[in-house]
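Protein sequence lines correspond, in order, to chains A and B.
Counting in our numbering, the first sequence runs without a single skipped number right up to 244 at its last residue.
Counting in our numbering, the second sequence runs without a single skipped number right up to 683 at its last residue.
Cβ atoms here follow ideal geometry from the backbone N, Cα and C, with glycine treated the same way.
These numbers come from a predicted model, not from an experiment.
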Amino acid sequence: MNPILKAIDVRKSYGTFEALKGIDLEINRSEVLCLIGPSGSGKSTFLRCINQLEIIDGGALWINGQLVGYRRVGHKLYELSEREIARQRLATGMVFQRFNLFPNKTALQNVIEGPTQVLKLGRRQAEATGRELLDRVGLAHKCNAYPIELSGGQQQRVAIARALAMNPTLMLFDEPTSALDPELVGEVLAVMRDLARSGMTMVVVTHELGFAREVASRVLFMDHGLIVEGGSPEQILNSPTHARTREFISAVLS
Amino acid sequence: MLLEVDRQLAKVDHAAHTEDLSHLEHVRRRHIGRYIGAAAILAIALWIILAFAHGQVEWSVTGRYLTARAILIGVGNTVLLAVLAMLFGIAIGVTVAIMRFSANPIIKWAALAYVGLFRGIPSLLQLLLWYNLALVFPTIGIPGLFEWRTVDVMTPFVAALLGLGINQGAYTSEVIRAGLISVDDGQYEAASAIGMHRLQGLRRIILPQAMRVILPPIGNEFIGMVKWTSLASVIQFSEVMHASETIYYANSRVIELLFVAAFWYLAVITVLSLLQSRVERYFARGAGRAAQSR
Chain A
-9 MNPILKAIDV
1 RKSYGTFEAL
11 KGIDLEINRS
21 EVLCLIGPSG
31 SGKSTFLRCI
41 NQLEIIDGGA
51 LWINGQLVGY
61 RRVGHKLYEL
71 SEREIARQRL
81 ATGMVFQRFN
91 LFPNKTALQN
101 VIEGPTQVLK
111 LGRRQAEATG
121 RELLDRVGLA
131 HKCNAYPIEL
141 SGGQQQRVAI
151 ARALAMNPTL
161 MLFDEPTSAL
171 DPELVGEVLA
181 VMRDLARSGM
191 TMVVVTHELG
201 FAREVASRVL
211 FMDHGLIVEG
221 GSPEQILNSP
231 THARTREFIS
241 AVLS
Chain B
390 MLLEVDRQLA
400 KVDHAAHTED
410 LSHLEHVRRR
420 HIGRYIGAAA
430 ILAIALWIIL
440 AFAHGQVEWS
450 VTGRYLTARA
460 ILIGVGNTVL
470 LAVLAMLFGI
480 AIGVTVAIMR
490 FSANPIIKWA
500 ALAYVGLFRG
510 IPSLLQLLLW
520 YNLALVFPTI
530 GIPGLFEWRT
540 VDVMTPFVAA
550 LLGLGINQGA
560 YTSEVIRAGL
570 ISVDDGQYEA
580 ASAIGMHRLQ
590 GLRRIILPQA
600 MRVILPPIGN
610 EFIGMVKWTS
620 LASVIQFSEV
630 MHASETIYYA
640 NSRVIELLFV
650 AAFWYLAVIT
660 VLSLLQSRVE
670 RYFARGAGRA
680 AQSR
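Written out as structure tokens, the structure is:
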């Protein structure tokens, strides 16, 4: 089976700072991959490279076998146009740390914005799907609420519904619970757990080791722009081989 | 020694607190300054009103010309010019504001140069320059395809529209730029993440949010524009100011006709102000109670 995502020697620098120093990775269908590591280790940067919010400086990325950001003609790679990049982004859904809901639109309007404006679906069809999705994240009763009227956890669940509305093959979560009050973390993780059970392929940057242990099919530990080690949750969280991983995990758990 | 004083003070204090004060009358403080201030303002207002009432103003003339045909046409022209010049200015402003964010340094510099140039020259002067454009460009058009004599194209209306609109665009671009900056970066990213390209995100997501910040100053500038149109009287465009002037040159009722013009400016701007607050409420959706209740 072809991997959903394949990365070979992906590199990204900001000026002289190397955020990613060569990431190699394959993710298969229905895998739930949790990226853990200290801040500044490059996990979020890698996620943003997958979604082309950042342009990679070296290496290559494929999603569904399609080269990300470039078209290969003969021995050259030609940069895609801005519109082609926008079209490629449809394969991935992104959930941000700070939700980034559109504040001037209701929950339902947030969810149907992409389907109606980008996928050009009819309003009625988009609304029907939108209501279903909001129901799926437990917010059927909040369709007409504006983001400011929702709690952080509810906003993040709307954001997940908004990403799902584009029918992505790969869902990316960038520290989805880091901006939440502790008592609201659970409701968001519950939605993500359901999503994982439904067979969605997910890459989750997170500090929630409990979630990683329970839901992840694979956990990767990143540090200084590199994947230090990866494996099953038990393996990485219980008996990591690298000292750096051990330090990080005991620091998070204490 | 000090301790003794403290103790005595505490005793007095204690006594004051325990005494029953509920039967005493409460006397409010008199703000004499306020009475004096209010009286002064009323006196000045009365003085101004009396001055105008007894002055050499024939109010019946003002009343008669208020709805004169020439004046009403002038009001119509004022509103038309103000609205078109403002729309023109906003169109330029949006374009130039977006150009300021361009990655291309030439485009960025062109936008900066435009703002610098047109903000730096008085509006009246710009109007006159446009009106006299024929001195620099005798003809306008694409050579071989079509060509017009500039004096035919550059009517007072066109010159005023260009002069005011292009000048306005320089100011409006700064207002719109401020609005675009005010929208969180996360909104651009969220728009991208649902597959929108840059212009789509700008139009659907960013601009509607920026409107909240943009509208109050734009409303302010629209009001300014209504008054700037009076400059067009200088190049013989028959807006309400020019219409009043033409009449008072003939009948010498200067102050009466100036009041006619003043009345209409005030009327148009009052209506605009009311419209502005309604539009602002529309764009404040989802922005919280404080913004909506304004």
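Could you check the C-alpha separation between residue i and residue j for me, to the nearest Å?
i                      : j                      : result
residue 164 of chain A : residue 174 of chain A : 17 angstroms
residue 198 of chain A : residue 224 of chain A : 14 angstroms
residue -6 of chain A  : residue 67 of chain A  : 21 angstroms
residue 337 of chain B : residue 441 of chain B : The first residue shown for chain B is 390 and the last is 683, placing residue 337 of chain B beyond what the model contains.
residue 8 of chain A   : residue 45 of chain A  : 13 angstroms
residue 631 of chain B : residue 419 of chain B : 53 angstroms
residue 238 of chain A : residue 558 of chain B : 55 angstroms
residue 675 of chain B : residue 91 of chain A  : 11 angstroms
residue -8 of chain A  : residue 492 of chain B : 38 angstroms
residue 624 of chain B : residue 616 of chain B : 15 angstroms
residue 530 of chain B : residue 634 of chain B : 35 angstroms
residue 519 of chain B : residue 471 of chain B : 17 angstroms
residue 644 of chain B : residue 438 of chain B : 15 angstroms
residue 121 of chain A : residue 141 of chain A : 19 angstroms
residue 117 of chain A : residue 130 of chain A : 12 angstroms
residue 70 of chain A  : residue 61 of chain A  : 6 angstroms
residue 169 of chain A : residue 85 of chain A  : 12 angstroms
How is the alpha helix (DSSP H) around residue i delimited, first residue to last?
i                      : result
residue 39 of chain A  : 33 to 40
residue 130 of chain A : No alpha helix (DSSP H) contains residue 130 of chain A, which DSSP labels as neither H nor E.
residue 550 of chain B : 545 to 571
residue 630 of chain B : 629 to 640
residue 82 of chain A  : From DSSP, residue 82 of chain A is part of no alpha helix (DSSP H) but of the beta strand (DSSP E) over 82 to 85.
residue 177 of chain A : 172 to 187
residue 229 of chain A : No alpha helix (DSSP H) contains residue 229 of chain A, which DSSP labels as neither H nor E.
residue 100 of chain A : 97 to 107
residue 662 of chain B : 643 to 672
residue 458 of chain B : 458 to 489
residue 610 of chain B : 596 to 617
Look up residue i in the DSSP assignment and give the residues it is bridged to.
i                      : result
residue 165 of chain A : BP columns for residue 165 of chain A are empty, so no partner.
residue 530 of chain B : B:536
residue -3 of chain A  : A:15, A:51
residue 2 of chain A   : A:10
residue 68 of chain A  : A:61
residue 23 of chain A  : A:193, A:208
residue 56 of chain A  : A:53
Can you say whether residue i is buried or exposed, counting buried as having 16 or more other CB atoms within 10 angstroms of its CB?
i                      : result
residue 682 of chain B : Confidence in residue 682 of chain B is poor, its pLDDT being 43 and thus under 50, which makes the residue's placement unreliable; the coordinate value appears in the next sentence. When all chains shown are included, residue 682 of chain B counts as exposed.
residue 687 of chain B : This structure does not reach residue 687 of chain B, given that chain B is present from 390 up to 683, and the question cannot be answered.
residue 673 of chain B : buried
residue 242 of chain A : exposed
residue 410 of chain B : exposed
residue 415 of chain B : exposed
residue 679 of chain B : The predicted model places residue 679 of chain B with a pLDDT of 48, which falls under 50 and marks its position as unreliable; any figure quoted below should be read in that light. Residue 679 of chain B is exposed by the Cβ-count criterion.
residue 545 of chain B : buried
residue 72 of chain A  : exposed
residue 653 of chain B : buried
residue 609 of chain B : exposed
residue 581 of chain B : buried
residue 179 of chain A : buried
residue 572 of chain B : buried
residue 599 of chain B : buried
residue 474 of chain B : buried
residue 650 of chain B : buried
residue 186 of chain A : buried
residue 564 of chain B : buried
residue 445 of chain B : exposed
residue 240 of chain A : exposed
Please state whether the Cβ-Cβ distance between residue i and residue j is less than 8 angstroms.
i                      : j                      : result
residue 220 of chain A : residue 234 of chain A : no
residue 466 of chain B : residue 578 of chain B : no
residue 597 of chain B : residue 134 of chain A : no
residue 147 of chain A : residue 100 of chain A : no
residue 618 of chain B : residue 664 of chain B : no
residue 548 of chain B : residue 588 of chain B : no
residue 63 of chain A  : residue 78 of chain A  : no
residue 26 of chain A  : residue 196 of chain A : yes
residue 575 of chain B : residue 88 of chain A  : yes
residue 522 of chain B : residue 543 of chain B : yes
residue 52 of chain A  : residue 11 of chain A  : no
residue 156 of chain A : residue 583 of chain B : yes
residue 14 of chain A  : residue -2 of chain A  : yes
residue 210 of chain A : residue 82 of chain A  : no
residue 496 of chain B : residue 488 of chain B : yes
Just reading off the beta strand (DSSP E) that residue i is part of, what are its end residues?
i                      : result
residue 218 of chain A : 216 to 221
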